[in-house]
Structure formats: structure tokens, C-alpha cells
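Undergrad:
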Amino acid sequence: MTELYEKSLRKLELDRVLEQLAAYANSDEAKARCLALEPQTDVDEIRVLQEQTGAACRLIDLKGSPSFHELKEIAPSLERADRGGSLNPTELLRIAAVLRCIRNAKAYYNGDYAQTVLDVYFQELSPNRYLEEKIGTCILSEDEIADAASPELADIRRHMRLQSAKVKESLQKIISSPTYAKSLRDPIITLRGDRYVVPVKAECKNDVPGLIHDVSSTGSTVFIEPMSAVNANNALRELALQEKKEIERILAELSAECASFRESILQSMEMLVTLDAVFARAKLSHKMNAMQPELRTNASVELIRARHPLIDPKKVVPITVRLGTDFDTLIITGPNTGGKTVTLKTIGLLTLMAECGLHIPADHGSAISVFSQVLADIGDEQSIEQSLSTFSAHMKNIVEIVGQCDRETLVLFDELGAGTDPAEGAALATALIEFCRQCGSRVAATTHYAELKVYAMRTKGVMNASCEFDVETLRPTYRLLIGIPGKSNAFAISRRLGLPDEIVEKAGSYVSENDKNFEDVLNQLEEQRAQMEQAKLEAERLKLETAQMKEQSERYYDEIKREREKAQRTARAEAQAIIDNARRTANEVADELKQLRRQMKDAADAQGVNEKQAELRRRLNEAEEAFAPAQKTAARPAPSRPIRPGDTVEVLRFGTRAQVLSVNADGSYQLQAGIMKITAKPEEVALIEETKQQAKKLIERSQHAFRNTPTKAELDLRGMSADEAVATLAVFLDSAMLANLSQVRIIHGKGTGVLRKAVQEELRRNRAVKKFRLGVYGEGEDGVTIAELA
């Protein structure tokens, strides 16, 4: 990477983006890798990096991010352990934490999702539960080794506790003895240099025989180890030395264990650091609401609603820009603070981010080409004072850029040609752009020179663009308009800021006629653009409305289609039930006929044979009626008035008349049909407008007909759902009551018992049922229920 390229990276602020990226990494090594990211030039390598970031984003969406918080630097510790060194508890606990991180990352990757480019890193992880648990069992904290670390350590500490109790017991006798009460500063036992002592007044130090270990800061207290406790303290000291030696042995043993797994741990550590850096890229992508761009090799850039990643997302205005598609050079003009430089930086920075494997903050459909270099000359475009030194500094940069640009270079010029005579600056800017184009570079430049606007309008492959500015509010909109040259709006801005009109008009008189004509053309273009924008918005609104209407129509069509399919399924089910019933009846009739033939041959029981033949004919007639299509009822005229209590209506499903008792709150009617009270919906009845006397006679005739209508004493519910069976049974019982049947037979089958239970619950609720029982042998047993009616 050349020095000029590195300088361009800093001007485009890639380092600030990488600092944001590093903040999402956990380990120091991963942070360092994030900060050291550089744009790549191999499109295959960049594609792999982009796919890694995309795979990590999908995993975060699916199951969250794996934890890398315990990932610490352990390579130096393992290296020292491999050379035979002994690690301290802090280092061993750090290794255990890394092993735990490896195990958790392996558990995070459980293979229950589609394969990704990250699989190879997860598969290379080698958890070591044995070593992890061994370190955790032996070391409780950085300052404490567990008793369970070894049987020897546990035994030593047990003896230490016993010996410590003996020492305290002997000293307790001294501090509680009246002999030494006046000599002691306080009746307590304390420690000095790992030995138990008692505090004695300095003037009484000869009264307590023993060894002096310490003196207080004021000199008024000496800490004496009584002679009676010296041997016990010595024994305790020996045990402490044994404890220290055993701890050193345990740490050495654990260090050797770590050294034996050094290669495996370091390899897994490397995979974890790589994954940490990859998931940091994914987290940054989520934070920026970024996407994976399309990668190209034809030196073209297309950004859709791109946002500069370093500007507050609540304030940044998205831009849509292209370069290298139908033109190779973009000339951006417009007033100061209008967003020209931000546009340049957005193009360059997003290109660099994509080449680093980062997602870019833009909408889907954006594409980035891989350039070998992105060279930028971006200075302080807001400075009012332009001196020779500023022009020289810019020109030094530009000289280096034109010396390095080629077909794989993206060149960004900010305020090209500024800082010198306008005529010479414009000419020099045009020549520089033309040179870079001849080298095959893609060029984006900002300028105020009208000459460059004319150059862009007249030159094939060069396109004007402008940053929109609202003269009324004196504020830029930051919208980039491609194909339209921008205006500096100096006169309009000055007038809005309060500059006297005579001065503005005087300044206008100094402008050449050609410049005025050019400005008039720009004004016309601006007006036409505004009209086109308005027309475009109206067209988009109409398109949206049309799409909504189409969606609504499709939704209605789908609903009608579903209803039609449902009706067809219901009709097919009903037809199939009728066919099954007819087939079952035909089979039964065939069996009965065979039996009749045998009986006729025997010439016995002629009366019984005749009765059975009649029964067979009746059942065949019933099956034929059930199989025949229902007659369509003639449409009745709409009633001339609403139905009121006392009116006579015809119950359409029974073909009988009834009297209206009341109208329910939901619009249904309570009817009296003979001895039965029934509820009917409005569509199930028709108003009969007759005299009361005629109505009375018709009702009586209907009730008589209802009672004398022949009704079967058997109901077959097999194949129905519980709800269907209960509804059918209710109608059947009503008909049986009107037919004056004393007993009925309900066939529900044995099956799972659900239908039988529903039938018997309905029989319990129905007032027309006196009692019921299951069938016995010859009646159908548990497959039927016999009900006696009241």
C-alpha cells in the first residue's frame, strides 16, 4: 500500500469506522485485527469476507451472538508452560476461561441450520472439558487453592486447623489468666509474621516471657509470642511450608497438563479470535442497518439510498448515486454546505468498507466494484481564505494521484482547481479530469466552476450532478440530483440574507451575457426537474393505489375461491355419504333377498315373508329418496311488512305453518308448531298474510299433518362429527315426537366412544326423552342407543 493510498484512507475516515468495529470485538487480539483491516483487491477474497459477515448476521438473527467475553491472551503462558515453567493461579484460570469459551462456542454451533462459510471455524474448535474442570476444581480464585486439589493438601490443611486450634488454646489460657491481666494491652490473640502473638504493654514486656515479633507504631505495645506457644507455632509454620510446597506441586502439574494440550488450545484460540472479529463485523452491520453489496469487476458503483456511516443516522440524508455505468466521470456542483463533499466521502468510504469485508449502509440493490486504489484529494472545502500554500498542497496531492491512477483506480477530487485564478483553475481542472479519464480511472469531482458544468454537458461519458438547495429557507436538502448541474445561488442567498437589492443588481450587471444565459438555462432545467419530480410523485402515488386495489381484489378473489372450494368439499362429502348409505342399503337388501329366497323354498311363514318384503321395499324407497337430488324451492316474494308476534309463518324446512310467539334479540323467531316450540332464523320462515280464521285452520291442518307424517324410528349417525350428530339428533327427536313414536333407535357405532357420549348427553338434555339405554344382543349392543320418548 502506497503512502498516498494510506493518506486517502485517512481522509475518507476509514480508521474511524474501524474503531467502531473494534468496539464490538471482545478479545484484544480481535480488536487489533479489526483496527488492522485493509481494503483487499482480490474479488474472491472480498466475496468470502462479505459472505462471512452475512453468515454471522443470519446466525445473530437466528440464535443471538456467541459469547467471547472470556477470550484472553494465553499464548505466552502456554509457551512458558511448554518450556517447563510453572503457571500461577491467574494464568491457569485464564486458560480455563478460554477452554470454557471454546466449549460454549462449540455448543452454539450444533449443526441445526444451513451450512455457512463459518462452519470450518466452528468445526476446528476442540473443547477440553477434562482440563477445564480440573483447573476449576483445583483453583477457586486467584488467591485460593481448593482443598480438593489433592488428598495431600487436604490432609495438611486439616492438620493446620488442628494445630492452629492448639496454639489459640494455649494463648487463650494466657490472656484469660489473672497473672497477666495487667500486662496485656488487650485480651486478644493476633498474628504477626504468620505466628500467633498477644499484645503486651511496652513497660510490662519482661513480665511475659517469650519472643518479641513486632512493636506498634506508637511504641506503646509489643507483640510477644509466649514461650508456651513457640513449639506449637513452629509446628504450624512447618505445616504452612508443606502446604506451600504442595500448592507449587499442584500448579506445576496443572501447568504440565496445559502444555500437553498447547497446540490444540492455541488452534482453537485462533479460530475463536477469527470468529470474534467476524461477529464484530456482523454487529456493526446490524448497528448501521447495513447490507451485503453486490461485488463487480467492471469499475462501476451503484449506491441506493446510501448513508454516510459517521453521520448521526437520525440526521443523515440518504443519497442515490452511480458511477461507471453509463458515464465514467461525475461532476458535482452546488452551493457550499450543500453536501458535495459528503457525497464524495460516501462513495469512497463505502467502497473501502466493502473491500474490507464490511457491509455498507445502503439499500438492497447497491453494488460496489473492486478497485486497486481509491485516491482522494479532499481538503477543507469550507475555508473562505484560499492561499497559494493551500493551492500548492492540493496540487502536490493531485500530482501524486495522476502519477498513480490507472484503469483500476477510483479518483475523488474535492473543489478541483480551487485556490487560484478562476479561469486558469477551471482550465486546469478540465485537463486533469480528461487525463484521468484517458488513464481509464473512474472520477468523481466537486466544483463551483461553470466551465466544468459546460464540459460535462458537452462531453460524452461525463455527467453533471448537483446537491439540491432550498433558497427560501437557505438550507441544503442534501439530495443528489444526477443529470442536472447545480447553481451556486450566490445572488439569491445574498438577497435572502439582507444584501441591498441595488448591490445585487449591480453585481448581476457585471456578469457576462453568456453566463446569464447559462444561468437562465439552469433555471429552466430546475423548473422542469421540479415538475418532473411532482409528476413522478403523482405517478408513484397512483401506482401505489393501483397496487393496493390489486392486492385487495386478489384477496377477495382468494376468499371467494376458498369459499367455493369449501362448498365443493361439503357437497362432495354429502354426496359421498348418500352414496355410501345407498350402497349399504343395497347390500342389506341383497342379503335379505337371499334369506327370503331360502325361506320361500322352505314355504314357511308366508306372512313373515310378506312383511319382510314390504319392509325391504320401504327401505329401498327411503334410499332412493335420499339419493335423489333435492327439489329447488320456488323463491318467495319478500314480505310486505316485518314479522310480528301473532303472525302466521311457514317453516320452510318442514313445509308446515306455525305461529310467531316472540322475536328474539338476535332477530330469530320463537314459534309454536303444534305441541312444539321451535326457534327459526328469518331466512327459514315465510310470512303468510291471511285472515286469523284461515290461519287457525291451516295451523290445525299443519299440526295434524305433522303428527301423521310417517317418520323412521331409526337414526344412523355413523361417520358424522359430534357436533353434526347432536344437531341431526335434535331434529330427529322433534320429528319422532310429532309422529307419536314411543321408542327410537340411534346408531352411533362403537369406535372411540366420542359419538356415543355426545348422543347420550343430548338425550339427557332433551325433555322429550323419558329414558334411554344401550342396545342388547340382537339390537346392536354398544353400537346403538335405544331411547323411549315421553
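When we follow our numbering, the leftmost residue of the sequence shown carries the number 551, and every step to the right adds one. A virtual CB, placed ideally from N, CA and C, is assigned to each residue, including glycine.
(1) May I have a chain-ordered list of the beta strand (DSSP E) segments no shorter than 3 residues that lie completely inside the stretch 818-865?
(2) Taking the alpha-carbon positions, what's the residue 1097 to residue 1015 distance?
(3) Is residue 1028 near residue 920, with beta carbons less than 8 Å apart?
(4) Going by CA-CA distance only, name the one from 964, 753, 669 that's closest to residue 773.
(5) Going by the CB atoms, is the gap between residue 1267 and residue 1294 shorter than 8 Å?
(6) Only counting the same chain, and skipping five residues up and downstream in sequence, which positions put a Cβ closer than 6 Å to that of residue 906?
(7) Helix or strand or just coil, what does DSSP make of residue 1322?
(8) Taking a contact to mean a Cβ-Cβ separation below 8 Å, would you say residue 776 touches residue 758 in this structure?
(9) Run through DSSP, which three-state label would residue 671 get?
(10) Report the option in 953, 910, 918, 974 whose CA atom is closest to the CA atom of residue 941.
(11) For residue 1238, which three-state DSSP category applies?
(12) Could you compute how far the alpha carbon of residue 935 sits from the alpha carbon of residue 559?
(13) How is the alpha helix (DSSP H) around residue 558 delimited, first residue to last?
(14) I believe residue 908 touches residue 603 by the beta-carbon criterion, under 8 Å. Please report the beta-carbon distance rounded to the nearest angstrom.
(15) Check whether the stretch 988-995 and the stretch 954-968 are in contact - that is, three or more C-beta pairs closer than 8 Å.
(16) Is residue 882 near residue 994, with beta carbons less than 8 Å apart?
(17) Is the Cβ-Cβ distance between residue 824 and residue 852 less than 8 Å?
(18) Give the DSSP bridge partners of residue 1208, in chain order.
(19) Quick check: what's the CA-CA separation for residue 695 versus residue 865?
(20) If you follow the beta strand (DSSP E) that residue 650 is in, where does it begin and where does it stop?
(21) Across which residues does DSSP place residue 1293 in a beta bridge pair?
(22) With distance defined between alpha-carbon atoms, name the residue in 672, 910, 1110 nearest to residue 500.
(23) Classify residue 932 as buried or exposed, calling it buried when 16 or more other Cβ atoms lie within 10 Å of its own Cβ.
(24) Considering just the uninterrupted stretch of the beta strand (DSSP E) at residue 761, what are its terminal residues?
(25) Roughly how many angstroms separate the alpha carbons of residue 1341 and residue 884, rounded to a whole number?
(26) Is it buried or exposed, residue 1366, if we count other Cβ atoms within 10 angstroms and call 16 or more buried?
(27) Alpha carbons only, please: which of 683, 650, 698 is nearest the one belonging to residue 676?
(28) Just checking my contact of residue 1228 with residue 1199 at CB under 8 Å: how many whole Å lie between their CB atoms?
(29) Specify, as a first and last residue, the run of the alpha helix (DSSP H) that residue 779 falls within.
(30) May I have the straight-line CA-CA distance separating residue 812 from residue 617, to the nearest angstrom?
(31) Find out if the Cβ-Cβ distance for the pair residue 832, residue 1123 is shorter than 8 Å.
(32) Please classify residue 740: does DSSP put it in a helix, a strand, or coil?
(33) What separation, rounded to the nearest whole angstrom, lies between the Cα atoms of residue 835 and residue 654?
(34) In whole angstroms, what is the alpha-carbon distance linking residue 610 and residue 658?
(35) Which residue from 690, 806, 765 puts its Cα closest to that of residue 636?
(36) Can you give me the start and stop residues for the alpha helix (DSSP H) that residue 755 sits inside?
TA: Taking the coordinates as given:
(1) Counting whole runs of 3 or more residues, the stretch 818-865 contains the beta strand (DSSP E) stretches 844-846, 851-856.
(2) By one-based count along the sequence shown, residue 1097 stands at place 547. By one-based count along the sequence shown, residue 1015 stands at place 465. Their Cα atoms are separated by approximately 32 Å.
(3) As a working mapping, residue 1028 is identified with position 478 in the sequence shown. As a working mapping, residue 920 is identified with position 370 in the sequence shown. No.
(4) Here residue 773 refers to the residue found at position 223 of the sequence shown. Here the closest residue by C-alpha is 753.
(5) The sequence position of residue 1294 within the sequence shown is 744, counting from 1. The sequence position of residue 1267 within the sequence shown is 717, counting from 1. The answer is no: Cβ separation not under 8 Å.
(6) Residue numbering aside, residue 906 sits at position 356 when the sequence shown is read from its first letter. For residue 906, same chain residues with a beta-carbon under 6 Å away, outside a window of 5 residues either side, are 587, 589 in chain order.
(7) In the sequence shown, residue 1322 corresponds to position 772, counting from 1. Three-state DSSP puts residue 1322 in a strand.
(8) Taking the first residue of the sequence shown as position 1, residue 776 is located at position 226. Taking the first residue of the sequence shown as position 1, residue 758 is located at position 208. It is a contact, given that the beta carbons lie within the stated cut-off.
(9) Numbered from 1 along the sequence shown, position 121 holds the residue referred to as residue 671. Residue state, collapsed to three classes: helix.
(10) Start at 1 with the first residue of the sequence shown, and residue 941 comes out as number 391. Nearest option by C-alpha distance: 974.
(11) As a working mapping, residue 1238 is identified with position 688 in the sequence shown. If DSSP states are grouped into helix, strand and coil, residue 1238 belongs with the strands.
(12) Indexing the sequence shown from 1 puts residue 935 at position 385. Indexing the sequence shown from 1 puts residue 559 at position 9. Residue placement at residue 935 is poorly supported in this model, since its pLDDT is 41, which falls under 50; the coordinates still yield a value, given next. If you take the alpha carbons of residue 935 and residue 559, they lie about 26 Å apart.
(13) Your numbering for residue 558 matches position 8 in the sequence shown. Per DSSP, residue 558 belongs to the alpha helix (DSSP H) from 553-561.
(14) On the sequence shown, residue 908 is found 358 positions in, with the first residue counted as 1. On the sequence shown, residue 603 is found 53 positions in, with the first residue counted as 1. About 7 Å; that satisfies the 8 Å criterion.
(15) With a cut-off of 8 Å, the stretch 954-968 and the stretch 988-995 count as touching, because enough Cβ pairs lie within range.
(16) The sequence position of residue 882 within the sequence shown is 332, counting from 1. The sequence position of residue 994 within the sequence shown is 444, counting from 1. Yes.
(17) The count along the sequence shown starts at 1 and reaches residue 824 at position 274. The count along the sequence shown starts at 1 and reaches residue 852 at position 302. No, they are not a contact pair.
(18) Translated into positions along the sequence shown, residue 1208 becomes position 658. The secondary-structure analysis by DSSP pairs residue 1208 across a beta bridge with 1199.
(19) On the sequence shown, position 145 is the one that residue 695 refers to. On the sequence shown, position 315 is the one that residue 865 refers to. Their backbone Cα atoms lie some 56 Å apart in a straight line.
(20) Within the sequence shown, numbered from 1, the residue matching residue 650 stands at position 100. Where residue 650 is concerned, there is no enclosing beta strand (DSSP E), although the alpha helix (DSSP H) around it starts and stops at 639-658.
(21) To locate residue 1293, count along the sequence shown from 1; it is residue 743. Residue 1293 is bridged to 1338.
(22) Absent from the structure is residue 500, since the part of the chain shown begins at 551 and ends at 1340.
(23) In the sequence shown, the residue the question calls residue 932 occupies position 382. Caution is warranted here: a pLDDT of 39 is assigned to residue 932, below 50, making its placement in the model unreliable, and no coordinate value can be reported.
(24) The residue you call residue 761 lines up with position 211 of the sequence shown. Note, residue 761: beta strand (DSSP E), 760-765.
(25) The requested residue 1341 is not part of the displayed model; the chain covers only 551 to 1340.
(26) The structure shown has nothing for residue 1366, since the chain only spans 551 to 1340.
(27) The count along the sequence shown starts at 1 and reaches residue 676 at position 126. Ranking the options by Cα distance to residue 676, first place goes to 650.
(28) Indexing the sequence shown from 1 puts residue 1228 at position 678. Indexing the sequence shown from 1 puts residue 1199 at position 649. In fact, because the Cβ distance is near 11 Å, the residues do not count as touching under 8 Å.
(29) Position 229 of the sequence shown, counted from the start, is the residue given in the question as residue 779. In the DSSP assignment, residue 779 falls within the alpha helix (DSSP H) that extends over 777-810.
(30) Translated into positions along the sequence shown, residue 812 becomes position 262. Translated into positions along the sequence shown, residue 617 becomes position 67. About 22 Å.
(31) Walking along the sequence shown from the start, residue 832 turns up at place 282. Walking along the sequence shown from the start, residue 1123 turns up at place 573. The answer is no: Cβ separation not under 8 Å.
(32) If you number the sequence shown from 1, residue 740 lands on position 190. Looking at residue 740 - three-state DSSP - the assignment turns out to be strand.
(33) As a position in the sequence shown, residue 835 is number 285, starting the count at 1. As a position in the sequence shown, residue 654 is number 104, starting the count at 1. Near 24 Å, if we compare the C-alpha coordinates of residue 654 and residue 835.
(34) As a position in the sequence shown, residue 610 is number 60, starting the count at 1. As a position in the sequence shown, residue 658 is number 108, starting the count at 1. Straight-line Cα distance between these residues: approximately 11 Å.
(35) In the sequence shown, residue 636 corresponds to position 86, counting from 1. Of the candidates 690, 806, 765, the one whose C-alpha sits nearest the C-alpha of residue 636 is 806.
(36) Mapped onto the sequence shown, residue 755 falls at position 205. Careful: residue 755 lies outside any alpha helix (DSSP H) and carries neither H nor E.
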